[in-house]
Amino acid sequence: MKLYSSRVYTEDLEKAVSGVREIEKLRGKSLLITGAGGLIGSYLVDMLLTANRMQDLHVTIYAVGRSRERLEARFADVKTEALVYVEQDVEKPMKQKFPVDYLIHAASNAYPAAFLKDPVGTVMGNIAGTKNLLDYGKEQGAERLLFVSSGEVYGQGDSSLEAYKEEYSGYVDNLSWRSCYPAGKRAAETLCCAYTAQYGLETVIVRPSHVYGPNITERDNRATVQFMENAMEGKDIVLNSAGSQMRSYTYVADCGAAVLSVLLSGICGAAYNIANRQSRLTIAEFARKTARQTGRQVIFKNPDDVQMAQRTPITRQVLDSTKLEGLGFTPAFDIETGIAHTLQIMKEM
Numbered sequence: 001m002k003l004y005s006s007r008v009y010t011e012d013l014e015k016a017v018s019g020v021r022e023i024e025k026l027r028g029k030s031l032l033i034t035g036a037g038g039l040i041g042s043y044l045v046d047m048l049l050t051a052n053r054m055q056d057l058h059v060t061i062y063a064v065g066r067s068r069e070r071l072e073a074r075f076a077d078v079k080t081e082a083l084v085y086v087e088q089d090v091e092k093p094m095k096q097k098f099p100v101d102y103l104i105h106a107a108s109n110a111y112p113a114a115f116l117k118d119p120v121g122t123v124m125g126n127i128a129g130t131k132n133l134l135d136y137g138k139e140q141g142a143e144r145l146l147f148v149s150s151g152e153v154y155g156q157g158d159s160s161l162e163a164y165k166e167e168y169s170g171y172v173d174n175l176s177w178r179s180c181y182p183a184g185k186r187a188a189e190t191l192c193c194a195y196t197a198q199y200g201l202e203t204v205i206v207r208p209s210h211v212y213g214p215n216i217t218e219r220d221n222r223a224t225v226q227f228m229e230n231a232m233e234g235k236d237i238v239l240n241s242a243g244s245q246m247r248s249y250t251y252v253a254d255c256g257a258a259v260l261s262v263l264l265s266g267i268c269g270a271a272y273n274i275a276n277r278q279s280r281l282t283i284a285e286f287a288r289k290t291a292r293q294t295g296r297q298v299i300f301k302n303p304d305d306v307q308m309a310q311r312t313p314i315t316r317q318v319l320d321s322t323k324l325e326g327l328g329f330t331p332a333f334d335i336e337t338g339i340a341h342t343l344q345i346m347k348e349m
């Protein structure tokens, strides 16, 4: 994949690996990563491959995805026995049996078009998928499972709060099909804690804010993805709303470093927000920063019916990152740098 021909992408991976303080704990270990073809999952695979190269860690990576063909295409330029492809639908019990030390469950529908097309699969990918991974970890005697949840678990929170801490619960409308994503994530979090309490399997949870980066999938239709693609095509950025929703944003390299930091250093049974306190801005501000770096403009238009159906009711999703920082983690990329690197890498591809 042309990602690997980008000097910026390689340097960002190296910086992300260097940001994981206790990465030495992974020496000689095996990790199973679901959603290995997605934004966060694929970056984690690339980070571990980079860690092997930088520090000779001898980590074995089991990259799990529903399509082996897509996995092979994503990592086409990777030639190493340390990367093993596993074709598996996480909604079904694991077909292949091999011992693993750590599991990272990052498989989930994570963009509006998928929620609209498959709300049932969105729920079950989180609940059934998490149960199958927990069962597998228990059977194999894994050291720990990390569940990639979402900042959307806070739902329609109190907009008067500066940022949401992990103990805040917020409000999710259980009778809305759009809640398929946050409700599924909430249930899966509880399931992780239940397995820890009942079976002793160590679990930790991360709640990423809005993650962006150059290794997006072609099916992803999140707003930030559309902004980047418009900019790369030399077009003005179209915003189908006022863009007043406030969000925490995280560059994918910082997200990857945070995930591994929590896996290795987080307290069992705890949840950690992944956010950058220097990257809190509205959707419109994110669009303007992207447009400014490419000499384009932001144009506001009224949404059509499909866009209205996919729209989230969440007006504010700002996450408090104090707990994550308590593990010694410090983000390495501010919003301007993250956007600039994303656009530069996409250009080089």
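Per the UniProt record's numbering, the very first residue in the sequence shown carries number 1; after that it's consecutive.
The C-beta atom is built at its ideal place from N, Cα and C for all residues, glycine as well.
Length of the line joining the Cα atoms of residue i and residue j
{"i": "G155", "j": "K79", "result": "42 Å"}
{"i": "E162", "j": "V17", "result": "30 Å"}
{"i": "A258", "j": "L264", "result": "10 Å"}
{"i": "I23", "j": "A291", "result": "37 Å"}
{"i": "D89", "j": "R66", "result": "5 Å"}
{"i": "V148", "j": "V206", "result": "5 Å"}
{"i": "residue 352", "j": "T330", "result": "This structure gives no information on residue 352, because the portion of the chain shown stretches from 1 to 349."}
{"i": "G125", "j": "L103", "result": "16 Å"}
{"i": "A182", "j": "E189", "result": "A small correction: the amino acid at residue 182 is Pro; Ala does not occupy that position in the sequence shown. For P182 and E189, the distance between alpha carbons rounds to 11 Å."}
{"i": "S6", "j": "K347", "result": "9 Å"}
{"i": "G151", "j": "P208", "result": "6 Å"}
{"i": "V86", "j": "K165", "result": "36 Å"}
{"i": "W177", "j": "A107", "result": "20 Å"}
{"i": "E233", "j": "I339", "result": "15 Å"}
Residue span of the alpha helix (DSSP H) that contains residue i, given as start and end
{"i": "S265", "result": "V252 to S265"}
{"i": "F300", "result": "Not the alpha helix (DSSP H): F300 falls in the beta strand (DSSP E), residues V298 to F300."}
{"i": "V45", "result": "L39 to Q55"}
{"i": "L116", "result": "P112 to K117"}
Per DSSP, the bridge partner or partners of residue i
{"i": "N273", "result": "R207"}
{"i": "E87", "result": "G65"}
{"i": "residue 350", "result": "Since the displayed the chain opens at 1 and closes at 349, residue 350 lies outside it and no answer follows."}
{"i": "Y102", "result": "L31 and R144"}
Secondary structure of residue i, DSSP reduced to three states
{"i": "S5", "result": "helix"}
{"i": "Q293", "result": "helix"}
{"i": "T330", "result": "coil"}
{"i": "I127", "result": "helix"}
{"i": "T60", "result": "strand"}
{"i": "Y199", "result": "helix"}
{"i": "G184", "result": "helix"}
{"i": "G155", "result": "strand"}
{"i": "Y21", "result": "Here the sequence assigns Arg to residue 21, which means Tyr is not the residue at that position. Reduced to three states, the DSSP call for R21 is coil."}
N- and C-terminal bounds of the beta strand (DSSP E) containing residue i
{"i": "I339", "result": "Segment I335 to E348 is the alpha helix (DSSP H) holding I339; no beta strand (DSSP E) there."}
{"i": "T282", "result": "R280 to T282"}
{"i": "I237", "result": "I237 to L239"}
Does the region 54-63 come into contact with the region 131-142, if we say contact requires no fewer than three beta-carbon pairs (one atom in each stretch) closer than 8 Å?
no
Do the region 269-284 and the region 192-204 make contact, defined as three or more Cβ pairs closer than 8 Å?
yes
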